[in-house]
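Below: the structure, in structure tokens.
Numbering (our numbering), first residue to last: 2 to 154.
Here it is in structure tokens:
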């Protein structure tokens, strides 16, 4: 049964990623408040790595390819960090949290198999960034709730 859901998730990951990329490239650009949702590209390949290991008990070239896709999106989005620092707060900022957590967990999962410091360092980096994002976004959210700004628009 788990393999059924894993298969469906992989199918929709590929399909929806292609559709979103097509929209980002050929349609009008995202409103600034939705730019943090680009981090969702990190989550599916990261979860793929963890699920692959959970289902099959191994990591092979396929799971490493999934991790490399996740790492590519992490590096791509970090290189665009200048854009994210200029955004006004919006509830969509919560889109930073889950993908970073998923990437950290996938990194640690590979570290537990390979015992290469590279994966351990990426895991620590991912979870530190996720922890910082959760604390910072929680603060911004509470501040917006208290001021009432979150209820406008």
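Each residue gets a CB set at the ideal place from its N, CA and C atoms; glycine is no exception.
The structure presented is a predicted model; accordingly, all values stated were derived computationally and were not measured.
Query	Result
Kindly list the residues whose CB is nearer than 7 angstroms to the CB of residue 56, restricted to its own chain and excluding five residues on each side of it in sequence; keep chain order.	3, 4, 7
Which residue comes first and which comes last in the alpha helix (DSSP H) that contains residue 89?	Where residue 89 is concerned, there is no enclosing alpha helix (DSSP H), given that its DSSP letter is neither H nor E.
What does a CB cutoff of less than 6 angstroms around residue 42 pick up in its chain, not counting 5 residues either side in sequence?	74
Could you tell me if residue 13 is buried or exposed, where buried requires 16 or more neighbouring beta carbons within 10 angstroms of its beta carbon?	exposed
Counting only beta-carbon separations shorter than 9 angstroms, does residue 32 have a partner in chain B?	The question asks about chain B, but that chain is absent: this structure has only one protein chain.
May I ask which residues mark the beginning and end of the alpha helix (DSSP H) holding residue 115?	98-115
Using CA atoms only, rank isn't needed, just tell me which of 85, 23, 72, 90 is closest to residue 108.	72
Can you check which of these residues, 17, 111, 85, is closest to residue 158 by C-alpha distance?	Nothing can be reported for residue 158: it is not among the residues displayed for the chain, which extend from 2 to 154.
Report the three-state DSSP secondary structure of residue 31 (helix, strand or coil).	coil
Consult DSSP for residue 43 and reduce its assignment to one of helix, strand or coil.	coil
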